[in-house]
Amino acid sequence: MKARSATSFILPSDKLNSLIHSLQQAGYQVVGPVIVDQAIIYDQIKSADDLPQGWTDEQEAGRYRLKRRQDAAYFGFNVGPNSWKKYLQLPRRQVWQAHKTADGIEIEPVNAAITPLAFLGVRSCELHAIAIQDRVFLSGEYHNEDYKQRRQSIFTVAVNCTQAAATCFCTSMNTGPAVSLPCDLEITEIINDNEHYFLLRSGSEKGQLILQQLPVTPATSAHQQQEKTAINQAEKQMSVGPRVFDSSDLQALLYRNYENPLWSDIAQRCLSCANCTMVCPTCFCSSVEDTTDLSGDHAERWEQWDSCFTADFSYIHGGSVRPDTRSRYRQWMTHKLATWHEQFNTSGCVGCGRCIAWCPVGIDITEEIVRFQESDTP
Amino acid sequence: MIPDIFYVKRRTEEYPGTFTLHIKKKDDQPQTSFQPGQFNMLYAFGAGEVPISMSGAPHSTSVYIHTIRTVGLTTQALERLREGDQLGVRGPFGRGWPVEKTTGKTIVIIAGGLGLAPLRPLIYHLLSKNRDATDIHIFYGAKSQPEMLYSDELKNWAQQLTLQTSVDMATPGWQGNVGAVTSLLTTAKIDPENTIAFICGPEVMMRFAIQELIKKNLPRTSIYLSMERNMKCATGHCGHCQWGPTFICKDGPVFCYEEIHDWFHRTEV
Amino acid sequence: MKTIAALLHEHPFFAGMKDEYIQLIAGCAVNHIFNQGEYIAKESDAADYFYLIRNGRVSIETSQPNYGAVILQTLQDGDICGWSWLFPPHCWTFDAKAQTKVHTIKLDGRCLRGKCADDTQLGFDLMQRFARIMTERLQATRLQLLNIYGRPENNKDQEI
């Protein structure tokens, strides 16, 4: 856990709206967790009433259910099928439009107006996921300008996890549960027998400006101790497993096991449905589609999320380079945990567990890692 | 990244289904120079975009040359372009042939089929240098004589540098070599200390060519090849052209064999 | 003028062979020049010789009705032509024709068969050299069969 140098403050739980309103006043559209179709997803938040207060998510391999909590916690769940990437790398967006003119063709970019967003309730693993996508889109010779502008305009309210879903394994990937990357505001929700409050800390000047407007009081060392205990609770839940493994050697492990028959075994179960890539907060692949209208004089280019599990993904003349589920799953997992390191100097996995819960046949990446480790002969 | 508008200055047919476009920027504005081995993304209005290798003279800021084979909707749309017609161009992209490593070396260029196109800028570059051109050895294989690229130029090159061609199928009247292009290598004399090899063609041909070069003790560090995958964005963001730890569009398409030999011999990567 | 033994030494086919064997083989070898268009071998004729190509181009051909000669492969400087002399019934399986003026060293297979039978070490050495060439030609033929430059059937885009 990182050293907490910034001063901590206390915001009573019934004053949570003051945070949301301050963000709105500052020009942000607030997005955060809401319940839609029996899942907690991210959508627009008008007030604290929109939050999934008193609900939690019960997760297992191939299973996700909402359940009532015994208390009135606002952030008493972990992660759902959405990630913040849907606001930064849009699932579908128009890139350009082209027209036939009297003397040829012209192409012009489509620059959508960008609303500054405040992300309310970003988990530590999700901050790591955003940082990983930053490396993909902003670190190379070419920058993704749309992503860059969206990314620059966000305000992050991060939440320390005080509980872990069964599918969580952030401790194995060193990304949580305590907030361990910069954010604008960091909050921890504390509920005990007679209190329900948020511990707040600012992590940036923007955060400080918002914090100043809130009806907060300085936190005592007792409060801070409660916070520590609460976060330790999440860590403890994960430490008793079963999704605990040593992630230090995954790159070499997967390179050594590129031809391991286990890939065929996984392929027997995998449906190549692409769910894991859609829910993954770091998967960044996209494809483009060019279209014309009926007159043939106007053309558009659209970009949308794509997945390495589709047949078209690796198509070169004559066929797909990765023709079957075995090679596609191998690509996905080897990319996430091994080649990603070479490409972006980081793992592509943050341990959020979404791919485990949302796999229709319950393939569990952590279980597969352990199977590779067990069958490995270095 | 929005394409610049170019127009077709000249169009030539190499053989049925394969054509070459000479394109210039609209209003004849100067174009970015490029490294041999790089590629452009060519956009046919409304049909799509395809990565096509540069095959003209590098450092030319007046025209780009692209040789294209018709295999899909986008290349069909490009095939329909006539002189004066416009298209979109993004580029140049990618890492090209390491021209700086050619000084003082014997050059071995092995090309198969359309693989000659991305090597032609390298050949132009070498010919522009004041060097002994007979020390440039080109081995070019194609299916048959009518399907050889740049036939007039091949005749000129044969006068200047050491060119050997071979076809898989002899058509009537063909007086040259018949057999896999790699057969030409088996009897070729190569000084492993002082040679650098550049290969482009179908992957299986490149594997056989590399085998022959390795048999002749050419070190892996002296072998370069150009890879092909499904490139879409060309900027390393869309993920399609991933090949092991690399993105072909930005880390390639040209690779040193030493860097990628582990992945090169694996299938379905 | 170089001796036959010196010419054999220079040819890649005999690279690294013991001098003693070279001398032995030289006893079965003579220089021979084929003019352009001349047949070196005709299908089903007795295969009593094989040739080291010093320079020039030789085509291996077969003929089909209504089509004429089909060139299957060409051989050039440093290649060898012919291994039918090694195996009964010692008949050529294809035609071999000089496409240019071809300088060869002509080796008498009958003479060599006798020497190999007398000295199995020599026989093994020679057989290894032929086996390597056969492997290379088989590999090249397989590559030719793949039609690697062919146009794909499917209608999709590709890079060149």
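Which chain is which? The protein sequence lines are C, U and P, in order. When we follow UniProt numbering, the leftmost residue of the first sequence carries the number 1, and every step to the right adds one. When we follow UniProt numbering, the leftmost residue of the second sequence carries the number 1, and every step to the right adds one. When we follow UniProt numbering, the leftmost residue of the third sequence carries the number 1, and every step to the right adds one. Glycine is no exception: its CB is placed at the ideal position from the N, C-alpha and C atoms. Fair warning: this is a prediction, and the values are worked out from it, not measured in the lab.
Interface with chain P (9 Å Cβ-Cβ cutoff): U:N177 is included. In the same chain as P:I105, and ignoring 5 residues on each side of it, the C-beta atoms closer than 8 Å to its own belong to I4, L7, L8, H11, A29, V30, N31, H32, Y51, L52, R54, in chain order.
For C:Q44, the enclosing beta strand (DSSP E) starts and ends at 39-44. Contact annotation: in the stretch 228-242 of chain U, residues whose CB is within less than 8 Å of a CB in chain C are E228, R229, N230, K232, C233, T235, G236, H237, C238, G239, H240, Q242. Closest option to C:I10, judged by alpha-carbon separation, among C:V159, C:L200, C:V136: C:L200. Between the stretch 146-161 of chain C and the stretch 43-63 of chain C there are fewer than three inter-stretch CB-CB distances shorter than 8 Å, so the stretches are not counted as touching.
At a beta-carbon threshold of 7 Å, the residues of chain U lying near C:P109 are I2, ordered along the chain. In this structure U:G96 is buried. Its beta-carbon is surrounded by 16 or more other beta-carbon atoms within 10 angstroms.
Taking a C-beta cut-off of 8 Å against chain U, the contacting residues of the stretch 136-153 of chain P are E136, R137, Q139, A140, T141, L143, Q144, L146, N147, I148, Y149, G150, R151, P152, listed in chain order. Across the stretch 73-102 of chain U, CB contacts with chain C closer than 7 Å involve Q86, G88, in sequence order along the chain. If you keep only unbroken beta strand (DSSP E) runs of at least 3 residues inside the stretch 33-95 of chain C, you get 39-44, 55-60, 63-68. According to the DSSP assignment, P:D108 belongs to the beta strand (DSSP E) that extends over 102-108. Looking at the DSSP output, C:L117 shares a beta bridge with C:Q29. Look at P:T93 here: in three-state DSSP terms it is coil, with no helix or strand label.
Scanning the UniProt domain "Cyclic nucleotide-binding" (13-113) of chain P for uninterrupted beta strand (DSSP E) segments of 3 residues or longer gives 29-34, 39-41, 49-55, 58-64, 68-75, 95-98, 102-108, listed from N- to C-terminal end.
The contact set of P:S59 on chain U, defined by CB atoms closer than 7 Å, consists of V178 in chain order. When Cβ-Cβ separations below 9 Å define contact, P:T74 makes contact with chain U. Classified as buried, C:V216 has 16 or more neighbouring CB atoms from the shown chains inside 10 Å of its CB. Between C:V216 and chain U, the shortest Cβ-Cβ separation is not below 9 Å.
Three or more beta-carbon pairs separated by less than 8 Å are not found between the stretch 21-41 of chain C and the stretch 239-247 of chain C, which leaves the two stretches without contact. Shortest Cα-Cα distance from C:V95 to any of C:A299, C:S327, C:S375, C:T175 involves C:A299.
Distance between C:E205 and C:L19, taken at the CA atoms: about 16 Å.
Under the Cβ distance rule, C:D306 counts among the residues neighbouring chain U, one pair being separated by less than 9 Å. Note: U:R10 is bridge-paired with U:H22 in the DSSP secondary-structure output.
When the beta-carbon positions are compared, C:Y28 and C:W84 stay at least 9 Å from each other. Look at U:A111 here: in three-state DSSP terms it is strand. Interface criterion not met: the Cβ of P:Q128 is under 9 Å from no Cβ in chain U. The Cβ-Cβ distance between C:A166 and C:E235 does not fall below 9 Å.
Here P:Y67 is exposed, its C-beta having fewer than 16 other C-beta atoms within 10 Å.
Apart from sequence neighbours up to five positions away, the residues of its chain that approach C:Q213 with a beta-carbon distance below 7 Å are S22, ordered along the chain. In the three-state reduction of the DSSP assignment, C:C170 falls in the helix class. Nearest in C-alpha terms to C:A48, of all of C:I107, C:D14, C:T162, is C:D14. DSSP assignment within the stretch 170-232 of chain U yields the following whole beta strand (DSSP E) runs of 3 residues or more, N-terminal first: 195-200, 223-226.
Closest in alpha carbon position to P:A69, among P:D79, P:F94, P:G27, P:D45, is P:F94. Among the residues of the stretch 199-211 of chain U, those with a Cβ less than 7 Å away from any Cβ of chain P are P202, V204, M205, F208, in the order of the chain.
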